[in-house]
Amino acid sequence: MSLSIVKSVLPGGVMEIAPRGEIDVDTAYEVREAIAEVLAKGRPSRIELNMRLVTFIDSVGISAMVAGFQTAEVSGVKLVVTEPSRFVHRQLWVTGLLGLFGAPEPYFAGAAAPTPEVLPGA
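Each residue of the sequence shown is one higher than the one before, counting from 1128 in the numbering used here.
Quick look at the structure:
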């Protein structure tokens, strides 16, 4: 499987980078390049690396994320991981890097959104 990356501007000057697929020895450079490109175009208030659609990540992919984190930090920009797939969450936890990326909770596909509480007689 290949890797595709979508970049979006979120409210508050936040840039979201959302990879989809596998981040491994063949594709990890794409994550580093996406982060570097965002930083070259300006200084967002934060970069969110949305890892919800990442199905696999190896040590080279993790290394690319750490390099991106360091590049962002040198530029004065915070890089955090959002919605990591269960696989990505597990890899970050096992490597001890979960806290570095903001200690995000894993994304569970199909998880029901919280329903609002309905008061009796309302």
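Using N, Cα and C, we set each Cβ at its ideal position, and we do this for glycine too.
The structure presented is a predicted model; accordingly, all values stated were derived computationally and were not measured.
Output the distance between the C-alpha atoms of Phe1156 and Ile1162, rounded to the nearest integer angstrom. According to the sequence shown, residue 1156 is Tyr rather than Phe. Cα-Cα distance, rounded: 10 Å.
Presumed contact (8 Å Cβ cut-off) between Arg1179 and Glu1210, rounded CB distance: Yes, Arg1179 and Glu1210 are in contact; Cβ-Cβ is about 4 Å, under 8 Å.
Could you tell me whether the Cβ atoms of Leu1130 and Pro1146 are closer together than 8 Å? The answer is yes: Cβ separation under 8 Å.
Opposite Lys1168 in the DSSP bridges: which residues? Its beta-bridge partners do not exist; DSSP assigns none.
Residue interval of the alpha helix (DSSP H) (run including Met1192): Met1192 -> alpha helix (DSSP H) spans 1186-1201.
Please name the residue in Leu1224, Val1215, Gly1226 whose C-alpha comes closest to that of Phe1235. Among Leu1224, Val1215, Gly1226, the Cα nearest to that of Phe1235 belongs to Val1215.
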